[in-house]
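Chains A and B, in that order, give the protein sequences.
Numbering follows this note's numbering, with no gaps: position 231 of the first sequence is 231.
Numbering follows this note's numbering, with no gaps: position 399 of the second sequence is 804.
A virtual CB, placed ideally from N, CA and C, is assigned to each residue, including glycine.
Worksheet for the structure shown next.
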Amino acid sequence: MTQLKDKKDRGTTFSKPLFRSPFYDFFAAQETEGHWYDWNGYKSPTILSDEELEYFSIRSTSSVFDITPLNKYRIVGSQAEEFLNKLTVRNVAKQNVATVKYTLWCDQEGFVIDDGTLFRISDNDFRLCSQEKHLPWLIDTSHGFDVEIIDESKHVCGISLQGPTSASILRLLGINGIDNLKPFHLFQTKISNIPIMISRTGFTGDLGYEIFMKNNVANKFIERVWNAGTNHGLTAIGYNALNMARIEAGFIVANIDFISSDHAIRPNRCRRPDDLGLGWLVDLNKGFFNGKKAILNSKLEDSEAFKIYALEIDGKEPAEGSVIYYNKKDEVGTVTSAIWSPMAKKSIALAQLKLGSSNSKMENLWVEIYSLKELQYHKLMKKVSIVKPPFINLARRSACPPSNC
Amino acid sequence: MQSVEKNFDVIVIGSGHNGLVNACYLQKAGLNVLVLEKNDWIGGAAVSRELHPGILYSNCSYVCSLFRPEIMRDLELPKHGLQIVAIEGGTVFTRDGDYLASFRNYHAKKRELERFSVKDSESYLRYSRDILKQCRFIQPLLMRTAPDPASFKFRDLSEMLYILRKVNDLTASELADTVRFWTMSISDFLDEYFENDVIKASLAVSGIIGTALGPMSPGTAYVLLHHYMGEVDGSIGAWGYARGGMGAISKALTSSFRAMGGTLLNNSEVEKVDIRGARVKGVILKNGDEYLAKNVVSNADVKRTFLKLTDPEHLPPNFIKKVNNFKIRGSSGKVNIALDSMPNFPVISENNPCLKGDIHFTDSIERMERAYDDWKMGTWSRDPFLDMMIPTLTDPTMAPPGKHFMSCFVQYCPPKVGGQNWTKENKDAFGETVIQQIADYSPGFKDKILHMEVRTPKELEEEVGLTEGNIFQGELTFDQLLFNRPIPGYAQYRSPIKGLYMCGSSTHPGGGVMGAPGRNAAVEILKDLNLPDTDIRDAYEVL
Chain A
1 MTQLKDKKDR
11 GTTFSKPLFR
21 SPFYDFFAAQ
31 ETEGHWYDWN
41 GYKSPTILSD
51 EELEYFSIRS
61 TSSVFDITPL
71 NKYRIVGSQA
81 EEFLNKLTVR
91 NVAKQNVATV
101 KYTLWCDQEG
111 FVIDDGTLFR
121 ISDNDFRLCS
131 QEKHLPWLID
141 TSHGFDVEII
151 DESKHVCGIS
161 LQGPTSASIL
171 RLLGINGIDN
181 LKPFHLFQTK
191 ISNIPIMISR
201 TGFTGDLGYE
211 IFMKNNVANK
221 FIERVWNAGT
231 NHGLTAIGYN
241 ALNMARIEAG
251 FIVANIDFIS
261 SDHAIRPNRC
271 RRPDDLGLGW
281 LVDLNKGFFN
291 GKKAILNSKL
301 EDSEAFKIYA
311 LEIDGKEPAE
321 GSVIYYNKKD
331 EVGTVTSAIW
341 SPMAKKSIAL
351 AQLKLGSSNS
361 KMENLWVEIY
371 SLKELQYHKL
381 MKKVSIVKPP
391 FINLARRSAC
401 PPSNC
Chain B
406 MQSVEKNFDV
416 IVIGSGHNGL
426 VNACYLQKAG
436 LNVLVLEKND
446 WIGGAAVSRE
456 LHPGILYSNC
466 SYVCSLFRPE
476 IMRDLELPKH
486 GLQIVAIEGG
496 TVFTRDGDYL
506 ASFRNYHAKK
516 RELERFSVKD
526 SESYLRYSRD
536 ILKQCRFIQP
546 LLMRTAPDPA
556 SFKFRDLSEM
566 LYILRKVNDL
576 TASELADTVR
586 FWTMSISDFL
596 DEYFENDVIK
606 ASLAVSGIIG
616 TALGPMSPGT
626 AYVLLHHYMG
636 EVDGSIGAWG
646 YARGGMGAIS
656 KALTSSFRAM
666 GGTLLNNSEV
676 EKVDIRGARV
686 KGVILKNGDE
696 YLAKNVVSNA
706 DVKRTFLKLT
716 DPEHLPPNFI
726 KKVNNFKIRG
736 SSGKVNIALD
746 SMPNFPVISE
756 NNPCLKGDIH
766 FTDSIERMER
776 AYDDWKMGTW
786 SRDPFLDMMI
796 PTLTDPTMAP
806 PGKHFMSCFV
816 QYCPPKVGGQ
826 NWTKENKDAF
836 GETVIQQIAD
846 YSPGFKDKIL
856 HMEVRTPKEL
866 EEEVGLTEGN
876 IFQGELTFDQ
886 LLFNRPIPGY
896 AQYRSPIKGL
906 YMCGSSTHPG
916 GGVMGAPGRN
926 AAVEILKDLN
936 LPDTDIRDAY
946 EVL
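Here it is as structure tokens:
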């Protein structure tokens, strides 16, 4: 399950601590500004040219984003389904072949370790993608199951193609199945003999696809996609643009909107699925799974926990990192992600709030925004409304067949 | 000869870092303090000595992490020249011709671990998280006097309550972890996270350093925690070099002490604490000089203080027995080497910063345990565990350009060989064992040696004054920690004799160049003298 020592790597770990994805050269060539960050140990772009324009490529034309740094675990074996049923909170038996499900997994205390997407490639063959690394937990949980866990993270790469013209680009590449591919479905195919797995998924709330392949075909593949996108406004994007889109879509990120129990050092920082607004994923009717008992017990307690909420905020200032107050004076929580939404034309935010079990506080929430203007903070107290995510709802996201534009 | 007055408010025996910290705080509080040092240099075990022309040796302690930032700030040590530079890396050489490096950079470190085990590289996250949780629990206890659990004084009760509240803040599983931490072996503890032997060996080091226990002995997990409780500028668990060698710490403390008007005398070995009518009158030196003070603070370890410097007639028999049985076993030695040029380690590529930190040659826990077996049999380890450093790769002030000082901490090394005193032959053979281990990985190493100092527990005891050469002035096992350190009923820096105090590493919270015992003792002494301790900062909050 663990790879042999890579002697080649010896002596370079300190000089190049960050990995480079097989798509690195492609993205580096698109870069005019040069803002990079560390995403899961990979040197990844935050902005390649212009954050705003990159964002609008997601909403108006098409964007290509490197998702190689995601962790990819291949789970194969006659008991792969049983194993995943123990690991994750959803009922994997109900997941059809060739579909993708958003899911999460908890520790024995019912605290969320991470969320991710589970691809069912065949009956006994799955791929689990996640933000954080989980090999030890997967191996520990696999004890006694006829299942093999392969960490494909360094061998499989991927891109996310998102935006209204993304389906047209794939049609141009000769992928016939695109018209029939429904959201959260996948199929395997070839482009000019390059084997790929393509799913109608993404992190933008828009029409879009994620495409995985082996590292060695990455260059050839991205060249084909890039050429096909010439007349469809295809733009290479960095994380900042994607982040705007994902906040609009109301998606949460581990260790940004909640602390993974793998990372939590302080007591009471851990969160259960209900606290994340994801209780609907948990199937309490299935057999044993990690954290089941604790989740059941927690339902009997009076919930004093922080929960994640989607907020709309008066005015035009984004509220990143701001404190939320009840009745303008009692602190009830913090904003974890926030932007001015160019699509909704609103200041929107995700926040963790402790409001108690009654809903009485919801009507009287305020956010204190420190808006820095020429070295002076303007302290604003703005009205907050709790809304149901997503902040934007695009018909094209689920239209099937997708439009040809 | 200096002419000094003979009357002081406080006399501190020994200029180790804790003695100096204690003296500084007391002088700062307005007392007239005298520090007496037996050697003609200062610093106890935190020294830089020019043992070869042009080359400074940190010939006892050799790295710094635990020294409390609150003390550095209170005593204005940066102003007096103290500078701690973080260590960049470290490495373990493996017998199969590879090495496992570690780096300050998280990803570089992780990628090195990945070369040995991907699973372990990921487990490292959970391991660090769990260690950090425990450190958060224990760290606030360092800068507080341990409560006496048998006492009903308001202070002791409230301190006990403080600890109980902290315990209460832990979740059930954290509390279980805490209890396990205090009692487990480092080997068992690491097995819960890691599969690879080299990785485990590299992490087990902190569990055995300075301790007469093997990695499979219960209690060693706590020793690891003790080594993780420090920081360099907020980077928890990080270690650094004192610029100018460890003596730079003593030098800065002395400078601070003298700037406040304190008196420090070298070549002044205390023979006896002068006790009359069950209270302290002063001290008598070996040379017959006498200095008077109503308060004497001993920086020496508890055995030296009460079995050598104090006449037994003044001490209760039970106390003497407990002091006698205090575990302060010698387990380590040191080989300090001046080098003509940088040794060559062919397997390490040029500019790899891993040589700037701790260098080890023990690639399995099994080998560490076998090294301990030799010690139990009464001899030095034939295949010893080395914690080797070349501070001159980081610090340009310790040697001329191109020349180097190398510090080798060696474990295990017994206080006596087969029950007999160390002979010159044995000492040479011990030194040769160490040199040979290095030379196995570094061809031509022996030719680069300009000068070498071999220190067994015997030399450490004779020169520094540490009983059996124990670097912690007493082992850091649970039976000798908190309100049991050094012995139950005397964990608050006081002794059975009025006016006689302890401030060395034998007291809570224990060894390492931390300064907390010296500081905490000052708080207690000022309390007894009804003086305010407003110049002694509380520990920074652990948020």
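query: Inter-residue Cα distance where the pair is residue 406 of chain B and residue 689 of chain B; result: For residue 406 of chain B, the predicted structure reports a pLDDT of 45, less than 50, and the residue's modelled location is therefore unreliable. A value from the coordinates is still provided. Roughly 18 Å separates the two Cα atoms.
query: Within-9 Å CB hit, residue 304 of chain A to chain E; result: Looking for chain E here will not work: the only protein chains present are A and B.
query: Straight-line Cα distance separating residue 658 of chain B from residue 155 of chain A; result: 55 Å
query: Where residue 18 of chain A meets chain B, residues with beta-carbon distance less than 8 Å; result: 512
query: 8 Å Cβ shell around residue 890 of chain B - same chain, five flanking residues per side excluded; result: 551, 879, 896, 911, 912, 913, 914 and 915
query: Residue 74 of chain A versus A:263, A:189, A:364 and A:120, residue with shortest Cα-Cα distance; result: A:120
query: Local conformation of residue 115 of chain A per DSSP, three classes; result: strand
query: The segment 194 to 210 of chain A: positions lying closer than 8 Å to chain B by Cβ; result: none
query: Amino acids of chain A, ordered along the chain, whose beta-carbon sits closer than 7 Å to that of residue 757 of chain B; result: 11 and 14
query: Contact residues within the segment 132 to 152 of chain A, judged by C-beta distance below 9 Å to chain B; result: 132, 133, 134, 135, 136, 137, 139 and 151
query: Member of B:559, B:616 and B:483 whose CA lies at the smallest distance from the CA of residue 774 of chain B; result: B:616
query: Environment of residue 110 of chain A [buried if 16+ CB atoms lie within 10 Å]; result: buried
query: Near-chain A residues of the segment 527 to 542 of chain B - C-beta to any C-beta below 8 Å; result: 527, 528, 530, 531, 534, 537, 538 and 541
query: Where residue 797 of chain B sits in the DSSP three-state scheme; result: helix
query: Any chain B beta carbon closer than 9 Å to residue 167 of chain A; result: no
query: Helix, strand or coil at residue 837 of chain B [DSSP, three-state]; result: helix
query: Start-end ranges of the alpha helix (DSSP H) lying completely within the segment 195 to 281 of chain A, minimum 4 residues; result: 218 to 228 and 239 to 249
query: For residue 45 of chain A, three-class secondary structure by DSSP; result: strand
query: Beta-carbon proximity of residue 239 of chain A to residue 27 of chain A, cut-off 9 Å; result: no
query: Chain-ordered neighbours of residue 155 of chain A on chain B, where CB pairs are closer than 7 Å; result: By Cβ distance, chain B contributes nothing, its closest Cβ being about 12 Å from residue 155 of chain A, past 7 Å.
query: Distance between residue 260 of chain A and residue 536 of chain B (C-alpha atoms, nearest Å); result: 17 Å
query: Positions along the segment 258 to 281 of chain A whose CB lies within less than 7 Å of some CB in chain B; result: 262, 263, 265 and 267
query: Contact check, residue 237 of chain A vs residue 213 of chain A, beta carbons under 9 Å; result: no
query: Assigned secondary structure, residue 684 of chain B (DSSP; H/G/I helix, E/B strand, else coil); result: strand
query: Contact with chain A by residue 574 of chain B, beta-carbon distance below 9 Å; result: yes
query: Extent of the continuous alpha helix (DSSP H) to which residue 417 of chain B belongs; result: Run containing residue 417 of chain B: none in the alpha helix (DSSP H); it sits in the beta strand (DSSP E), 412 to 418.
query: Residue 350 of chain A vs residue 308 of chain A beta-carbon contact at 9 Å; result: yes
query: Beta-carbon separation (whole angstroms), residue 620 of chain B vs residue 640 of chain B, contact threshold 8 Å; result: Contact flag wrong, Cβ pair sits at about 26 Å.
query: Contacts of residue 114 of chain A in chain B (Cβ-Cβ under 9 Å); result: Under the 9 Å cutoff, chain B gives no residues; its nearest Cβ is about 12 Å from residue 114 of chain A.
query: Range covered by the alpha helix (DSSP H) that runs through residue 662 of chain B; result: 652 to 664
query: Nonlocal neighbours in the same chain, by C-beta distance under 7 Å from residue 787 of chain B, ignoring five residues either side; result: 779 and 838
query: The ligand SAH heavy atom lying under 8 Å from the CB of residue 531 of chain B; result: Among the components of this structure there are no ligands whatsoever, and the ligand SAH is therefore not found.
query: Residue-level contact to chain B via CB, residue 291 of chain A, 9 Å cutoff; result: no
query: Member of A:146, A:229, A:129 and A:215 whose CA lies at the smallest distance from the CA of residue 171 of chain A; result: A:229
query: Cβ neighbour criterion (16 or more within 10 Å) applied to residue 377 of chain A; result: exposed
query: Opening and closing residue of the alpha helix (DSSP H) in which residue 338 of chain A lies; result: Unbroken run through residue 338 of chain A is the beta strand (DSSP E), 330 to 341; no alpha helix (DSSP H).
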